[in-house]
Amino acid sequence: MKNILVIGGTGFLGSAIVRELARRPASADSCFTLPTRREAGARHLTVLPTARVVEADVHDPATLARLVKGQDAVISLVGILKGGEGEPYGAGFARAHVELPQKIAVAAKAAGVRRLLHVSALRAATDAPSGYLRSKAAGEEALQAAGLDLTIFRPSVIFGRGDSFLTLFAKMAKIAPFFPLAGADARFQPIWVEDVAAVVADSLENSQSIGMAYDLCGPKQYALAELVRYATAASGHPRAVFGIPEFVGWLQAWAMEFIPNGPMTRDNIRSMRVPSVCDAGCGLPFGRPATALENIAPTYLGDG
Ligand SMILES: NC(=O)c1ccc[n+]([C@@H]2O[C@H](COP(=O)([O-])OP(=O)(O)OC[C@H]3O[C@@H](n4cnc5c(N)ncnc54)[C@H](OP(=O)(O)O)[C@@H]3O)[C@@H](O)[C@H]2O)c1
């Protein structure tokens, strides 16, 4: 594949995917176009000689049509955790998770670009308890209906240097003497960002992945409280972690919605009601082994 448009490619996972593709012989000379809302936030990618960061509004159909033209594949990665409240999902989720994939499908079809890789989320479902998961499912449906050469990826929570999950708790441990936690028993099966990137890159090289949807999990399941305890210890600030009653967590999350970049929303709490774990254990596609969190997290959680 010569030309690859990576929408959402400037983020945590997108950057790992672009770096992974750029070092593979099959796509080493590919040209990656990475639209962003703010070029300054994507400087870390400009060191890649084959990556072209462009400031663009991907929600604008005309801009999207220009970006898609001449591409051999599109990787769709835009995702948000805070999309507001509403039925069937908040307006932010509708725009980023449903309308944008719809627009991408329209632009790709019009430009004759058939290959599309899309990152959704584990347990995305139209009847899921959270707007995040319902909107992710609606985005998948929109792309499936478009009749393109589609591969969908549904990761559990992703960890790795630059993550906003374990790193958040490691940073908070510096100032918080203890952690009263909503959803302390929520289940996760975290997967390393480099493993997700490798699976996406494998799929791009493997036409058997067309029509597939891959649930992606790491080797082990944890309760949220275990992960927070682990992250605080690995950061050098071990902290006591305890669960709080659901209604208290609900009020806490509601209050945090008023803080810019607050760590939790009511919708996040609803998402955690569904175990973010894989039915079929931890096998990754293409026979890839999944990397243990304990082998990676200590290498970056002590940094800050
Ligand atoms: N991280 C996880 O644990 C996890 C787990 C499961 C699924 N996922 C899914 O994986 C995908 C990538 O996640 P990530 O962790 O890499 O996210 P991220 O670091 O927050 O990156 C998000 C990307 O989307 C772009 N973006 C965000 N909001 C946008 C908007 N309103 N309009 C246009 N572009 C927007 C950002 O671009 P600019 O800021 O440069 O404009 C950035 O490139 C998402 O779809 C997410 O739902 C992530």
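Remember, the working numbering sits 102 above the position in the sequence shown when you count from 1.
Don't be surprised by glycine CBs; every beta carbon is placed ideally from N, CA and C.
Quick caveat: nothing in here was measured; it's all calculated off a predicted structure.
Residue 324 has 290 as its beta-bridge partners, per DSSP. Across the set 364, 313, 288 and 363, the C-alpha of 288 shows the shortest separation from the C-alpha of residue 374. Using a Cβ distance threshold of 8 Å, residue 332 and residue 255 do not count as a contacting pair. At a threshold of 7 Å, residue 139 counts as near ligand 1, since its beta carbon sits closer than that to one of the ligand's heavy atoms. The three-state secondary structure of residue 206, taken from DSSP, is helix.
In the structure shown, the three-state DSSP call for residue 165 is helix. When distances are taken from the beta-carbon of residue 207 to the heavy atoms of ligand 1, even the shortest one reaches 7 Å or more.
Residue ranges of uninterrupted beta strand (DSSP E) with 3 or more members, entirely inside the segment 223-299 and ordered along the chain, are 251-257 and 280-283. With respect to residue 133, residue 104 sits close: the two C-beta atoms are nearer than 8 Å. For residue 259, the distance from the CB to the nearest heavy atom of ligand 1 is below 7 Å.
Rounded to the nearest whole angstrom, the CA to CA distance from residue 108 to residue 117 is 9 Å. Under the DSSP assignment, residue 134 falls in the beta strand (DSSP E) whose first and last residues are 133-138. Counting the other Cβ atoms within 10 Å of the Cβ of residue 350 gives fewer than 16, which makes it exposed. At least one heavy atom of ligand 1 falls within 7 Å of the beta-carbon of residue 112. By the Cβ test, the segment 242-258 is not in contact with the segment 275-288, since fewer than three Cβ pairs between them sit closer than 8 Å. The beta carbon of residue 229 lies closer than 7 Å to none in the same chain, with the five residues before and after it left out. Secondary structure of residue 363 (DSSP, three-state): coil. Per DSSP, residue 115 lies in no beta strand (DSSP E) segment; the continuous alpha helix (DSSP H) that holds it begins and ends at 114-125.
Note on residue 199: 16 or more other CB atoms within 10 angstroms of its CB, so buried under the neighbour-count rule.
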